[in-house]
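A.B. asks: In order, the protein sequence lines correspond to chains Y and D. Oh and the first sequence: position 45 is 768 in the working numbering, straight run, nothing missing. Oh and the second sequence: position 114 is 139 in the working numbering, straight run, nothing missing. Please find one structure pasted underneath; my questions will follow.
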Amino acid sequence: MTDSDRIRSIRRILVALDASSHSLAAVEAAVELAARLEAELSGLFVEDVELLRLAECPGARELLYPSATEAPLSRATMESRLRAQSEQARKALGAAAERLRVRWTFRTVRGPVTSAILAAATEADLLAMGTVGWSFGPLIRMGSTATGVLTSGVPVLLISEERLPHDVRLVVYYDGSAAARRSVMAAEQLAKPGTNGITVLLAAAKHERFSALRDEVTSLLKDKGIEVRYREVDPQDEMSLFHALKSEQPGSLVLGGRELLKKLRAMGPMQREIGMPLLLLDGPEPEAA
Amino acid sequence: MAKTTELKALPAEQLYRLCDLSQFKFATTAELEDLTDFVGQDRALQAVQFGIGIQRAGFNLFLLGPAGMGKFDTVRNFLEKRAATEPTPDEWCYVNNFDDPESPRALKLPPGCGTKLREDMRGLVDNLRSVIPSAFESESYTARKHAIEQEVKERQEKVFEEIQRQANEKDIAVIRTPTGIALAPMRRGEVVSPEEFEKLPESEHQRIQAAIGDLQEKLQAALRQMPKLAQEGREKVRELNHEVAIFAVGHLIDELRKKYVDLEDVVKFLNDVQEDITEHVDEFLAPEESPLAALMGVSSPYGAKGAAFFRRYQVNVLVDHSANDGAPVVYEDHPTYQNIIGAVEYMAHLGAVSTDFNLIRPGALHQANGGYLILDAYKLLLQPFAWDALKRTLRSSQIRIESLGQMLSLVSTVSLEPQPIPLNVKVALVGERMLYYLLCAYDSEFNELFKVGADFEEHMERNSETNVLYARLIGTIARQEGLLPLDTGAVGRVIEQCSRKAGDSQKLLTHRRTLADLLRESDYRAREAARSVVSAEDVQHAIDAQIHRADRVRDRLLEETLRGTLLIDTRGEKVGQVNGLSVMDLGNFAFGHPSRITARVRLGKGEVIDIEREVELSGPIHSKGVLILSGFLGARYATNHPLSLSASLVFEQAYGLVEGDSASSAELYALLSALSGLPIKQSLAVTGSVNQHGEIQAIGGVNEKIEGFFDLCQARGNMKGQGVLIPASNVRHLMLKHEVVDAVRKGEFQIYAVETIDQGIEVLTGVPAGERDPSGKFAEGTVNQKVEARLIELADRRLALARKMRMETES
């Protein structure tokens, strides 16, 4: 199977949901992606057992948002709220999917969020998730979940509060790895001819490496009618990647493999400033140049 | 023995006034210059000139006269000539009132500027719809907006991070729940289970509770701070939007401000537009089409999505004078309330109606503002509310568009109250005289608002000078209508016919439509005969055809008379019976017909009974004529004794209303015949009214009456001695048809012009009327002597009867 075929074979997209704005952004993006790839959507809502445990803890307290008033906590109340949230998520997914005529299913499971998502992700070709900022607490440890899923070989679409624009700009982090090649092919699939082109960030410390990587990408996108812009980033310097992404239009979709994720995590809190959706695709380690 | 006064019949020359063709110095009317002024309307034209010239409130015009006189053309020609020399008035537009959209603002603009401003605004909006999105899609804007949002986010996160840090230090988890944020004790990164919590020592419980309490307070303070931070962020984004919008919009609107710098109102409008655009910049960034509307297949009446919003920047040019030179002259053929005052229209969409200033439609007053408005008075009065609205507008000198539905409380939707527009217009109403007089009598405002009445003459003098003018008028109409030219014979025949139509040999008809119709028909006949010039023969053909088309009723009456169904004698003599003459008017055709009038007398109390009046088939004027007869009889014959007769008069075989007094002389002749016992020649017919002194007075339709009796006599054949008695004062009205004139010339038919009853009775009976001698007596054997004798006899018999009855009563 070629890289292109692997992208084309995304037939099932799993979207992990709660009723937050981040999740809803993920829904929109996942539906948009599913429509473009003619894939089926599968919604998953996880009733977090940690929340249920929290509700039973005698010392726990809850402040309602946005009034900041204190509310009593109980397991029954929490279960009821989770059911309502699940229903809300189902409706949001249904409405978005039907608007673009995308086939969809939805299910609710109970368990630890990360492991439940990981379990479901094994049956999907792509996992779409809303990332959560610090404002409301790190309910999902996105980094570890994404890393886990990437290890399993399932591409992950991470969406922050930013919705995926209709004419989304595409930025590919290309370091010559198999995942990077897959990222270029995915970008080719997603790019609309005649509209925005693709920016390829070539991870090359030396000029020779830059030329070599550019030739690879040029070869991959040959005769596709897509305008490609190349930029050089230093693979050893996360700040180089940071500035390159910051200079791109906010809301651009960044594609790349585990190396990209590693570098983003290495940026620490600065990562939040970028705030772009990510499409992470894993693959075999790049061969030594 | 007294003798008759030998009243002579009129010579043929007096029966028809021929047009002298030698006065025409042309071969055909094609050689004649156009007549620019209307002939015979000096009074009306002076009034029109005055009405147009005077620039004072209330000096509007009313042109009165019968339909078809050319009143409309007259006033329009006058007005157009004058309007061409006057300046083109300003244009008026309605634009949105951004402070109060329900009260659109009126903008006054110099001629031609309205459409330019409209196009400029359209161009501006088109430009802005691309310029504004470009400005807001620019990398600099996106980056700045993102920076603002990021700043807000960071400020929010910073607050929570600090709480989170403190929570971690105290082994407290801060966790998002579906409805808010929870604080719970934590061990090894996980929330403590209830069982584990119970195992903790009391001191630990207290520490946890204190820590959670402390964090809760901080969290509450942070949460309360969130809306404020968000609001600050939104405010900054709004300021950024405003700044970007001003940058995008400002230079485009500045160009327009420079262009219209001399027009203060337009500059103010442009300022308002700029302010509104910067406040509603989101509308320029909205997608073109609503997915929901597209999904439902519903299209907006305003056009594409977003177009509805941009209507607020349009310019509704109410009056456009860009193609006009001079003041406007407007004729509104359908003067409804809306067509005069203007209207606010509505658009229906999904069962709801809505409107805006773009749906304000102008009325005729808007179009004519600064110029002249011509209206048909009858049509105007027929339209509900139109007359009142016109008066109200003229009185207030401003056009205020008010919805009829709102005025009558028929609709309760929100409507517009457009700013009134100052009005300066001269209104010319065109209508029948009756309307003018009724309005004068019953509408007190009418005299205030329409001070100038222009009364159009139906006739003009006929003389050598006016004949030439008339010939030019004929030529002008022929040219305007594309008709063949007329030779002099045809012109002469047209003039004679128009004199006949005027009912006066010394007058000419000024009824333009009648003249034009005759010319059109003559042209048709000439073309039918393959002639290039209309001749007298063609005109005569046209006249004959007109009569033939209309004379079915006359033919039937004549037929029935000839068959003896209708009893009319044209030979022999009869006592108490005379041929009266009446006219039937069928609208566009009138004809005369003889009627038998009979009188019977007997002893009575001095009353003359009009049988028509008794059965209410007599009009008031006819009844008046009959009552005059009693006055005449009493004064002439019964000064010294009571009038002791009872006479009855009747129009035999008349089954409809009898009106007019033209038969009163005939009735008197019949009465005198009945009283005197002298027979009346049935070969003669009579027309003319009579007064109490026995003088014969003029009547109408003399030509038709004579011709009506002539036709009957001619149809019966062997005419000899037949004729008609007419009032002498009607001789000047004679324009009889050629057959009658020829018959008179041959001595077969006579027309007598009588001045008194005595003259008439002599002609009718062949017996002298008689005059009183110095002793006060009529000569023996005269009509008057016989009448008087009969009346004295009746009086004596009445006295005798009275005495006898008194004696019988006393005994």
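Backbone N, C-alpha and C fix where the C-beta goes; we use that ideal spot for every residue, glycine too.
Going by CA-CA distance only, name the one from D:Ile302, D:Gln339, D:Leu46, D:Phe272 that's closest to alanine 131 of chain D.
C.D. replies: Along the second sequence, read from residue 1 onward, the residue named residue 131 of chain D stands at position 106. If we check each option's Cα against that of alanine 131 of chain D, D:Gln339 comes out closest.
A.B. asks: Three-state secondary structure (DSSP) at cysteine 838 of chain D?
C.D. replies: A question about residue 838 of chain D goes unanswered here, because the residues of chain D that appear run from 26 up to 836.
A.B. asks: For glycine 612 of chain D and leucine 544 of chain D, I'd like the C-alpha separation in whole angstroms.
C.D. replies: The residue you call residue 612 of chain D lines up with position 587 of the second sequence. The residue you call residue 544 of chain D lines up with position 519 of the second sequence. Distance between the alpha carbons of glycine 612 of chain D and leucine 544 of chain D: 20 angstroms.
A.B. asks: For glycine 376 of chain D, which of D:Ile399, D:Asp297, D:Thr438 has the nearest alpha-carbon?
C.D. replies: Taking the first residue of the second sequence as 1, we reach residue 376 of chain D at position 351. The residue with the shortest Cα to Cα distance from glycine 376 of chain D is D:Thr438.
A.B. asks: State the Cα-Cα distance for the pair leucine 225 of chain D and glutamine 231 of chain D, rounded to the nearest angstrom.
C.D. replies: Translated into the one-based positions of the second sequence, residue 225 of chain D becomes position 200. Translated into the one-based positions of the second sequence, residue 231 of chain D becomes position 206. One C-alpha to the other measures close to 10 angstroms.
A.B. asks: Give every residue of the same chain whose Cβ lies closer than 8 angstroms to the Cβ of arginine 757 of chain D, excluding the five residues on either side of it in the sequence, and list them in chain order.
C.D. replies: What you label residue 757 of chain D is simply residue 732 of the second sequence in a count that begins at 1. Correct list, in chain order: Asp529, Ser530, Gln531.
A.B. asks: Are the C-beta of glutamine 241 of chain D and some C-beta of chain Y separated by less than 7 angstroms?
C.D. replies: Within the second sequence, the letter at position 216 stands for residue 241 of chain D. By this cut-off, glutamine 241 of chain D is an interface position.
A.B. asks: Considering only DSSP beta bridges, list what alanine 707 of chain Y is partnered with.
C.D. replies: Residue 707 of chain Y is absent from the model: chain Y starts at 724 and stops at 1012.
A.B. asks: Does leucine 1001 of chain Y come within less than 7 angstroms of chain D when only Cβ atoms are used?
C.D. replies: Looking up residue 1001 of chain Y in the first sequence gives position 278. Leucine 1001 of chain Y does not count as touching chain D.
A.B. asks: Can you give, in chain order, each stretch of the beta strand (DSSP E) that sits fully within the segment 134-188 of chain D and has at least 3 residues?
C.D. replies: Counting only runs of 3 or more, we get nothing.
A.B. asks: Going by DSSP in three states, asparagine 728 of chain D sits in which element: helix, strand or coil?
C.D. replies: For the purposes of this step, residue 728 of chain D is taken as the residue at position 703 of the second sequence. Residue state, collapsed to three classes: helix.
A.B. asks: Does DSSP put glycine 617 of chain D in a helix, in a strand, or in coil?
C.D. replies: Counting from one through the second sequence, the residue named residue 617 of chain D turns up at place 592. The answer is strand: DSSP assigns glycine 617 of chain D an E or B state.
A.B. asks: Mark leucine 419 of chain D as exposed unless 16 or more other C-beta atoms lie within 10 angstroms of its C-beta, in which case mark it buried.
C.D. replies: Walking along the second sequence from the start, residue 419 of chain D turns up at place 394. Counting Cβ neighbours within 10 Å, leucine 419 of chain D comes out buried, since at least 16 surround it.
A.B. asks: Buried or exposed: which applies to arginine 824 of chain Y, given that a residue is buried once 16 or more other Cβ atoms fall within 10 Å of its Cβ?
C.D. replies: The residue labelled residue 824 of chain Y in the question sits at position 101 within the first sequence. Counting Cβ neighbours within 10 Å, arginine 824 of chain Y comes out exposed, since fewer than 16 surround it.
A.B. asks: State the DSSP-derived secondary structure class of arginine 892 of chain Y, mapped to helix, strand or coil.
C.D. replies: Mapped onto the first sequence, residue 892 of chain Y falls at position 169. It is coil, neither helix nor strand.
A.B. asks: Pick helix, strand or coil for leucine 682 of chain D, following the three-state DSSP scheme.
C.D. replies: Counting from one through the second sequence, the residue named residue 682 of chain D turns up at place 657. Three-state DSSP puts leucine 682 of chain D in coil, outside helix and strand.
A.B. asks: To which residues of the same chain is isoleucine 206 of chain D closer than 8 angstroms at the C-beta, ignoring the five residues directly before and after it?
C.D. replies: Within the second sequence, residue 206 of chain D is the residue found at index 181, counting from 1. Correct list, in chain order: Val199, Ile200, Leu244, Leu248.
A.B. asks: Sorted by chain position, which residues of the same chain lie with C-beta nearer than 6 angstroms to serine 422 of chain D's C-beta, five sequence neighbours on each side aside?
C.D. replies: In the second sequence, the residue the question calls residue 422 of chain D occupies position 397. Result list for serine 422 of chain D: Leu448, in chain order.
A.B. asks: Determine the closest residue to alanine 332 of chain D out of D:Met211, D:Tyr362, D:Arg154, D:Leu295, with distance taken between C-alpha atoms.
C.D. replies: Locating residue 332 of chain D in the second sequence gives position 307, where the first residue counts as 1. The residue with the shortest Cα to Cα distance from alanine 332 of chain D is D:Arg154.
A.B. asks: Determine the DSSP secondary structure at arginine 830 of chain Y, reduced to helix, strand or coil.
C.D. replies: Locating residue 830 of chain Y in the first sequence gives position 107, where the first residue counts as 1. DSSP places arginine 830 of chain Y in strand when its eight states are reduced to three.
A.B. asks: Taking Cβ-Cβ distances shorter than 7 angstroms, what residues in chain Y pair up with alanine 209 of chain D?
C.D. replies: Mapped onto the second sequence, residue 209 of chain D falls at position 184. Going along chain Y in sequence order, the residues near alanine 209 of chain D (Cβ under 7 angstroms) are Leu777, Cys780, Gly782, Ala783.
A.B. asks: Please report the Cβ distance between valine 923 of chain Y and tyrosine 953 of chain Y, rounded to the nearest whole angstrom; I am assuming they are in contact, meaning their Cβ atoms lie under 8 angstroms.
C.D. replies: Numbered from 1 along the first sequence, position 200 holds the residue referred to as residue 923 of chain Y. Numbered from 1 along the first sequence, position 230 holds the residue referred to as residue 953 of chain Y. 5 angstroms between Cβ atoms; contact.
A.B. asks: Please list, in chain order, the residues of the segment 796-812 of chain Y that have any C-beta partner in chain D closer than 8 angstroms.
C.D. replies: Listed by position, the residues of the segment 796-812 of chain Y near chain D (Cβ gap below 8 angstroms) are Leu796, Met801, Arg804, Leu805, Ala807, Gln808.
A.B. asks: I need the straight-line Cα distance from arginine 101 of chain D to isoleucine 399 of chain D, nearest angstrom please.
C.D. replies: Taking the first residue of the second sequence as 1, we reach residue 101 of chain D at position 76. Taking the first residue of the second sequence as 1, we reach residue 399 of chain D at position 374. Near 8 angstroms, if we compare the C-alpha coordinates of isoleucine 399 of chain D and arginine 101 of chain D.
A.B. asks: Is the beta carbon of leucine 310 of chain D less than 7 angstroms from the beta carbon of proline 136 of chain D?
C.D. replies: Residue mapping note: residue 310 of chain D aligns to position 285 of the second sequence, counting from 1. Residue mapping note: residue 136 of chain D aligns to position 111 of the second sequence, counting from 1. Not closer than 7 angstroms, so no.
A.B. asks: For the alpha helix (DSSP H) holding threonine 792 of chain Y, just list the boundary residues, first then last.
C.D. replies: Against the first sequence, residue 792 of chain Y aligns to sequence position 69. Neither: threonine 792 of chain Y is in no alpha helix (DSSP H) and is coded neither H nor E.
A.B. asks: State yes or no: is the beta carbon of arginine 249 of chain D nearer than 7 angstroms to at least one beta carbon in chain Y?
C.D. replies: As a first step, residue 249 of chain D is located in the second sequence; it is residue number 224 there, counting from the start. By this cut-off, arginine 249 of chain D is an interface position.
A.B. asks: Name, in chain order, the residues that DSSP records as bridge partners for valine 775 of chain D.
C.D. replies: By 1-based counting over the second sequence, the position of residue 775 of chain D is 750. For the record, residue 775 of chain D in the displayed sequence is glutamine; it is not valine. D:Gly748, per the DSSP bridge assignment.
A.B. asks: In terms of alpha-carbon separation, which member of D:Glu176, D:Thr834, D:His573, D:Leu759 lies closest to glutamate 521 of chain D?
C.D. replies: The residue labelled residue 521 of chain D in the question sits at position 496 within the second sequence. That would be D:Leu759, whose Cα lies nearest to the Cα of glutamate 521 of chain D.
A.B. asks: For glycine 980 of chain Y versus alanine 927 of chain Y, is the C-beta distance shorter than 7 angstroms?
C.D. replies: Your numbering for residue 980 of chain Y matches position 257 in the first sequence. Your numbering for residue 927 of chain Y matches position 204 in the first sequence. No, the pair does not count as a contact, with Cβ atoms beyond the cut-off.
A.B. asks: Run through DSSP, which three-state label would lysine 947 of chain Y get?
C.D. replies: Locating residue 947 of chain Y in the first sequence gives position 224, counting from the first residue. Coil at lysine 947 of chain Y, not helix or strand.
A.B. asks: Checking contacts by CB at 7 angstroms: is glutamine 245 of chain D closer than that to chain Y?
C.D. replies: Here the question's residue 245 of chain D lines up with position 220 in the second sequence. Yes, because at least one Cβ of chain Y sits closer than 7 angstroms to the Cβ of glutamine 245 of chain D.
A.B. asks: Check the DSSP bridge columns for valine 603 of chain D and list the partner residues they point to.
C.D. replies: Within the second sequence, the letter at position 578 stands for residue 603 of chain D. D:Ile622, per the DSSP bridge assignment.
A.B. asks: Looking at the secondary structure, which residues open and close the beta strand (DSSP E) in which cysteine 1013 of chain Y lies?
C.D. replies: No statement about residue 1013 of chain Y is possible, as the shown extent of chain Y runs from 724 to 1012 and does not include it.
A.B. asks: Between which two residues does the alpha helix (DSSP H) containing histidine 484 of chain D stretch?
C.D. replies: Sequence index remark: in the second sequence, residue 484 of chain D carries index 459 (1-based). Element bounds for histidine 484 of chain D: not the alpha helix (DSSP H) but the beta strand (DSSP E), 484-486.
A.B. asks: Helix, strand or coil: which one does DSSP assign to lysine 451 of chain D?
C.D. replies: Working through the second sequence from its first residue, we reach residue 451 of chain D at position 426. Three-state result, lysine 451 of chain D: strand.
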